[in-house]
Amino acid sequence: MTQERRDRPERSVAAAVCLVLYAACLIYWMFFGFGRSVHLAMDEPLSYNLVPFNTIRLYLRAAAWLPPQIVAVNLLGNVAVFVPLGMLLPPSCRMRSLLELLLWFIPGIFLVEILQMLLRAGSFDVDDIILNGLGVWIGYGLLRLCSRFFRKSG
């Protein structure tokens, strides 16, 4: 058995621990961070966007007059915050392909977006799902790139 084969279980356990900690942070950010709070009042309207690229287009158009930090947090932040998930899920859950990763991620993020809307801690926005999915895809790509690099150098 090669050293690489023996290290895999330890790497997947370490990735799983990091995944649990990171998922806890994500849940906090998505429901309580950035001044959010859960509102169970039924008289408040539900907030949602079902039109792909509508919110993204809105932020890109508003970039001329909105502070750059707001645009960056809403567009780049929604991508960047999910990059670690794309790197941690595959080794933790023994996923072998991007398709398998996305088959788990997409229903999960849909559920979180629906909960944000129902709990009035945010909105259901299909653009968030697109941007978050892009972050997961980038993270998976970085994971694959790093695996190849360390396989060649090891």
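UniProt numbering puts the first residue of the sequence shown at 1, with every later residue one more than the last. Virtual Cβ for every residue (Gly too), placed ideally from N, Cα, C. Just so we're clear, the structure is a prediction, and the values are computed from it rather than from any experiment.
Point to revise | Beta-bridge pairing of residue 49 - partner residues as DSSP gives them | key: DSSP output for residue 49 lists 125 as bridge partner(s).
Point to revise | Close beta carbons around residue 46, own chain, < 6 Å, minus the five adjacent residues each side | key: Here the set comprises 117.
Review point. Going by beta carbon distance, what residues of the same chain come within less than 6 Å of residue 55, once the five residues before and after it are set aside?
Key: So the qualifying residues of the chain are 49, 125 and 127.
Check your understanding: The alpha helix (DSSP H) with residue 67 in it runs from where to where?
Key -> In the DSSP assignment, residue 67 falls outside any alpha helix (DSSP H), carrying neither H nor E.
**Study point:** Length of the line joining the Cα atoms of residue 138 and residue 79
**Key:** If I take the Cα positions, the gap works out to 9 Å.
Review point. Can residue 136 and residue 86 be called in contact, C-beta distance under 8 Å?
Key: Result yes, Cβ atoms of residue 136 and residue 86 sit closer than 8 Å.
Review point. What number of angstroms, rounded off, separates the C-alpha of residue 94 from the C-alpha of residue 9?
Key: Roughly 10 Å separates the two Cα atoms.
Review point. What is the DSSP secondary structure of residue 30, counted as helix, strand or coil?
Key: Residue state, collapsed to three classes: helix.
Practice item. Could you give the DSSP three-state label for residue 82: helix, strand or coil? Key: Residue 82 falls in the coil class under three-state DSSP.
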